[in-house]
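Peer 1:
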Amino acid sequence: MQTKLQATPAPEARSAHRPGVVLSGVQRRFTAGRRREPVVALHGLDLAVEGEEVLGVVGPSGCGKSTLLELVAGLQEPDAGEVCVGGATADRRAACSYMPQRDLLLPWRDALGNAAIALECQGVGRREARRRAAPLFERFGLAQFERARPSELSGGMRQRVAFLRTLLPGRPVLALDEPFAALDAITRTGMQQWLADALASEPRTVVLVTHDIEEALFLADRVVVLSPRPGRVVAELDVPGERPRDRRAAVTDPELARLRELALEALG
Ligand SMILES: Nc1ncnc2c1ncn2[C@@H]1O[C@H](COP(=O)(O)OP(=O)(O)OP(=O)(O)O)[C@@H](O)[C@H]1O
Ligand SMILES: [Mg+2]
6 MQTKLQATPA PEARSAHRPG VVLSGVQRRF TAGRRREPVV ALHGLDLAVE GEEVLGVVGP
66 SGCGKSTLLE LVAGLQEPDA GEVCVGGATA DRRAACSYMP QRDLLLPWRD ALGNAAIALE
126 CQGVGRREAR RRAAPLFERF GLAQFERARP SELSGGMRQR VAFLRTLLPG RPVLALDEPF
186 AALDAITRTG MQQWLADALA SEPRTVVLVT HDIEEALFLA DRVVVLSPRP GRVVAELDVP
246 GERPRDRRAA VTDPELARLR ELALEALG
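Per the working numbering, the very first residue in the sequence shown carries number 6; after that it's consecutive.
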């Protein structure tokens, strides 16, 4: 079974260092017109993710999780504090692959063209980019939909194309915003297993935002729970055991059951 994070490893992936992510004292506020109070999405957020660590992030809706990922990916700047990916001077956009919460597929491109676009942005030719993307279509249950437009795909299929698009550039940091939320339970379980196996053989720094505590406990080394807005860390849970984990053990393991309870308690 193919469990590579990309179909044909590109040279940049083979030489990828694993830089880790550090946020210190991060504040992000949004001003929305004169009449409305600014929204403080994040305040005093401190977070460090090791080079080969998978960090799960859970928290109530609107607490700043997507904002946090956009900061990591270099798509936003903090109003106060610092965000570093692999050192203060590193280019966050170049180091990080970001999977946004909405799939943002281009309606005029077919599925393969959408998946391949991240490679094209790195300078890979269109034909070669499609060639590298194609093998993962079968693995992700998208075979024969390579030429379908996004409007012809189901929500779960679109999400898998967006996931593929995120993985293909082989960047050392993955910022994933609820990557499996739109999938049915069986497909989600398969994708989670695939990601767990792929990260075991090809480690990355991963920040995984999810609403699903079981998913976080299955995939992550550590889970942080954020408070309601402004988001800051209110609980930090070290998940025992090596990855990839045995899913059946995850159901019966009393320590994991205890962590699940702690996370739910912290969520309030
Ligand atoms: N571009 C923006 N302009 C104005 N306000 C914003 C913007 N982006 C986010 N916000 C506000 O910041 C807060 C945090 O939003 P964010 O999308 O990060 O939450 P979230 O934790 O990802 O929520 P969910 O779980 O529902 O996806 C919200 O109150 C939102 O309204
Ligand atoms: Mg969000």
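Note that beta-carbon positions come from the ideal geometry of N, C-alpha and C, so glycine has one too.
Going by the C-beta, is V166 closer than 8 Å to any heavy atom of ligand 1?
Peer 2: Incorrect: V166 has no Cβ contact closer than 8 Å to ligand 1.
Peer 1: Give, in chain order, every unbroken run of the beta strand (DSSP E) that is at least 3 residues long and sits entirely within the stretch 183-224.
Peer 2: List check, beta strand (DSSP E) in window: 210-214.
Peer 1: State the start and end residues of the unbroken beta strand (DSSP E) segment that holds F35.
Peer 2: Here the beta strand (DSSP E) through F35 covers 26-35.
Peer 1: Which residues have their C-beta within less than 5 Å of a heavy atom of ligand 1, listed in chain order?
Peer 2: Qualifying residues, in the order they occur: F35, V44, A46, S66, G67, C68, G69, K70, S71, T72.
Peer 1: Within the same chain, show all residues whose beta-carbon is closer than 6 Å to that of A78, passing over the 5 residues directly before and after it, in chain order.
Peer 2: Hits under 6 Å: C101, Y103, A180.
Peer 1: Give the secondary structure of L111 by DSSP, where H, G and I count as helix, E and B as strand, and everything else as coil.
Peer 2: Reduced to three states, the DSSP call for L111 is coil.
Peer 1: Give every residue of the same chain whose Cβ lies closer than 6 Å to the Cβ of A123, excluding the five residues on either side of it in the sequence, and list them in chain order.
Peer 2: Closer than 6 Å at Cβ, skipping near neighbours: R170, L173, P174.
Peer 1: With burial defined as no fewer than 16 other Cβ atoms inside 10 Å of the residue's Cβ, what is the status of D182: buried or exposed?
Peer 2: Classification of D182: buried, given that the 10 Å Cβ count is 16 or more.
Peer 1: If we count the other Cβ atoms within 10 Å of its Cβ and call it buried at 16 or more, is P112 buried or exposed?
Peer 2: Result: exposed.
Peer 1: Any heavy atom of ligand 2 within a distance shorter than 8 Å of the CB on V4?
Peer 2: For the chain, the structure presents residues 6 to 273; residue 4 sits outside this window and is missing.
Peer 1: Check the Cβ-Cβ distances between V178 and every residue of chain B, and say whether any is below 9 Å.
Peer 2: Judged by its chain identifiers, the structure shown contains no chain B, having just a single protein chain.
Peer 1: Is it the case that the CB of Q1 approaches a heavy atom of ligand 2 more closely than 8 Å?
Peer 2: Outside the shown range of the chain, which is 6 to 273, sits residue 1, and nothing can be said about it.
Peer 1: Here's the rule I'm using: 16 or more other beta-carbon atoms within 10 Å means buried, otherwise exposed. How should T257 be labelled?
Peer 2: That one is exposed.
Peer 1: Could you say which of A95, D108, T210 lies nearest to A187 if we only look at CA atoms?
Peer 2: Out of A95, D108, T210, D108 has the C-alpha closest to the C-alpha of A187.
Peer 1: Which one of L74, R252, R144, L224 has the shortest CA to CA distance from E57?
Peer 2: When only C-alpha atoms are compared, the closest one is L224.
Peer 1: If I measure Cβ to Cβ from Q164 and keep anything under 8 Å in the same chain, skipping five residues before and after, which residues do I get?
Peer 2: Excluding residues within five positions, the ones whose Cβ falls inside 8 Å are D108, P184, F185, A186, A187, L188.
Peer 1: Could you tell me the boundaries of the beta strand (DSSP E) in which S102 lies?
Peer 2: Note, S102: beta strand (DSSP E), 101-104.
Peer 1: Closest to R209 by CA distance: which of V54, L47, A134 is it?
Peer 2: The residue with the shortest Cα to Cα distance from R209 is V54.
Peer 1: On the criterion of 16 or more Cβ atoms from any shown chain inside 10 Å, does L269 qualify as buried, or is it exposed?
Peer 2: Flag for L269 reads exposed.
Peer 1: Indicate the three-state DSSP secondary structure (helix, strand or coil) for E125 in the structure shown.
Peer 2: The answer is helix: DSSP assigns E125 an H, G or I state.
Peer 1: Roughly how many angstroms separate the alpha carbons of R114 and R154, rounded to a whole number?
Peer 2: Cα to Cα, the separation comes out at about 6 Å.
Peer 1: Mind checking whether A120 and A95 have CB atoms under 9 Å apart?
Peer 2: Taking 9 Å as the Cβ cut-off, A120 and A95 do not qualify as a contacting pair.
Peer 1: Based on Cα-Cα distance, which residue from V129, G246, R144 lies nearest to P203?
Peer 2: The amino acid at residue 203 is misidentified as Pro; the sequence shows Ala. Residue R144 is the option with its Cα nearest to A203.
Peer 1: Hey, out of R40, V59, G25, whose CA is closest to D243's CA?
Peer 2: Looking at the Cα atoms, V59 is the closest of the given residues.
Peer 1: If you follow the beta strand (DSSP E) that A254 is in, where does it begin and where does it stop?
Peer 2: Counting along the chain, A254 falls outside any beta strand (DSSP E), though it belongs to the alpha helix (DSSP H) covering 252-257.
Peer 1: How many angstroms separate the CA atom of W199 from the CA atom of L50?
Peer 2: When rounded, the distance between both Cα atoms is 31 Å.
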